[in-house]
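Here the structure comes first, spelled out in structure tokens, and everything after it is commentary.
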Amino acid sequence: MSPQIERFVQSKSIGVIGFSRSGKKFGNIVGKELIKRGYEVFPVHPEVQEIDGVKCYPSLKGLEGKVEALLVCIPPAGVSAVLEEAVQIGLTKVWLQQGAWSKEVQQTADRLGLQVVSKKCILMYAPPVTSIHKFHRTIVSIFGGL
């Protein structure tokens with residue numbers, strides 16, 4: 781496992797961009813799973829105060845000093861602005877969940893000096909790894925992809 785991934789999963793408080801009101805987006809699924817795994821999750825949603833009983837914050841600025849890391853689960857079009865805001869509040873541990881990365885997003889991360897984890901599923905790395913993610917992790921590790 782890369783040092784970058786290790787540092788991220790050792791963080792116990794994680795902001796999550798990508799919770800939806802419907803509760804059906806991947807941001808909701810991964811957020812709930814991280815809570816089950818013992819992480820303190822802080823969803824960011826600009827329009828609602830709570831989703832499925834979890835308090836939401838209107839922006840990353842509301843999380844300054846509360847989170848150690850940021851998980852981004854939105855399409856690439858909105859990610860560069862999120863990275864700009866993350867840097868403004870001092871976040872350096874950023875995970876771009878599969879589907880959030882693009883060449884333009886990577887250019888923004890590089891310009892900001894952020895080393896982001898990308899193109900990987902957090903659920904394969906955040907302990908304890910269970911279910912299909914445990915099986916997938918085993919297969920990936922056999923072929924040297926962890």
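In the numbering used here, the protein residues as written are 781 to 926. Backbone N, C-alpha and C fix where the C-beta goes; we use that ideal spot for every residue, glycine too. Nothing here was measured: the structure is a model prediction, and the numbers come from that model.
(1) Report back the beta-carbon spacing between Ile797 and Cys836 to the nearest angstrom; my notes put them in contact at under 8 angstroms.
(2) Return the Cβ separation of Leu863 and Leu894 in integer angstroms, given the expectation that the two are a contact with Cβ distance under 8 angstroms.
(3) Are Leu876 and Glu813 touching if we call contact CB-CB under 9 angstroms?
(4) Would you mind giving the Cβ-Cβ distance between Pro907 and Arg817, rounded to the nearest angstrom? I have them listed as a contact below 8 angstroms.
(5) Locate the beta strand (DSSP E) running through Leu850, then write down its first and last residues.
(6) Quick check: the Cα distance between Val847 and Arg801, rounded to an integer number of angstroms?
(7) Can you tell me the Cα-Cα spacing of Val885 and Tyr905, whole angstroms?
(8) With a Cβ-Cβ cutoff of 9 angstroms, do Asp832 and Gly879 count as a contact?
(9) Going by DSSP, what residues sit across from Ser793 in a beta bridge?
(10) Kindly identify the DSSP beta-bridge partner or partners of Glu830.
(11) State the Cα-Cα distance for the pair Thr872 and Tyr819, rounded to the nearest angstrom.
(12) For the alpha helix (DSSP H) holding Leu903, just list the boundary residues, first then last.
(13) What are the boundary residues of the alpha helix (DSSP H) that Val885 is part of?
Let me lay it out:
(1) Actually they do not touch by this definition, with Cβ atoms about 11 angstroms apart.
(2) 6 angstroms
(3) no
(4) 7 angstroms
(5) 849 to 852
(6) 22 angstroms
(7) 22 angstroms
(8) no
(9) Glu820
(10) Lys835
(11) 18 angstroms
(12) Where Leu903 is concerned, there is no enclosing alpha helix (DSSP H), given that its DSSP letter is neither H nor E.
(13) 883 to 892
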